[in-house]
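full-length UniProt numbering puts the first residue of the sequence shown at 1, with every later residue one more than the last.
Virtual Cβ for every residue (Gly too), placed ideally from N, Cα, C.
Okay, so here's the structure we're looking at.
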Amino acid sequence: MSEETVVDTQELGEKIVIVLKTIYDPEIPVDIYELGLIYDVFVNEDNEVKILMTLTSPNCPVAESLPAEVEEKVKSLDLVKDAEVEITFDPPWTQDLMSEEAKLELGLL
Numbered sequence: 001m002s003e004e005t006v007v008d009t010q011e012l013g014e015k016i017v018i019v020l021k022t023i024y025d026p027e028i029p030v031d032i033y034e035l036g037l038i039y040d041v042f043v044n045e046d047n048e049v050k051i052l053m054t055l056t057s058p059n060c061p062v063a064e065s066l067p068a069e070v071e072e073k074v075k076s077l078d079l080v081k082d083a084e085v086e087i088t089f090d091p092p093w094t095q096d097l098m099s100e101e102a103k104l105e106l107g108l109l
């Protein structure tokens, strides 16, 4: 493998974040990244991605479709070989996980 074909995992991580910022919770006009629903993004040397995320509640109406949308959009990146989304409710999501920008958007600041 020449050095040019080696992808910087941090750079790929940043591209993944850009994609995540295009996905919105249907009930809240803020993207899932700014909402704090994404707990972690792992990228290995094979460009396989694992995303650890939560939902605003276990009864979230998009509990099925949102993780699938995240997986699909991340997989659509050219450099991503595979993507897997794992949902966790530990720790449970709270408004404290939202970015300042999201809080401003929702009038919480």
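Checklist entry - How should Asp31 be labelled, buried or exposed, when 16 other C-beta atoms within 10 angstroms of its C-beta is the threshold for buried? => result buried
Checklist entry - Are three or more beta carbon pairs between the segment 13–28 and the segment 71–81 nearer than 8 Å? => result yes
Item to check | Whole-angstrom distance between Val80 and Asp96, CA atom to CA atom | outcome: 31 Å
Checklist entry - With a CB to CB cut of under 6 Å and the five nearest residues on each side skipped, what residues in its chain are close to Glu105? => result Val30
Checklist entry - With respect to the alpha helix (DSSP H) encompassing Ile23, which residues constitute its N-terminal and C-terminal limits? => result First-last for Ile23: undefined, no H or E at that position.
Checklist entry - Is the beta carbon of Lys15 within less than 6 Å of some heavy atom of the ligand ATP? => result The ligand ATP is not part of the structure shown, which contains no ligands of any sort.
Next on the checklist: Quick check on Leu55: buried or exposed, where buried means 16 or more other Cβ atoms within 10 Å of its Cβ?
Outcome noted: buried
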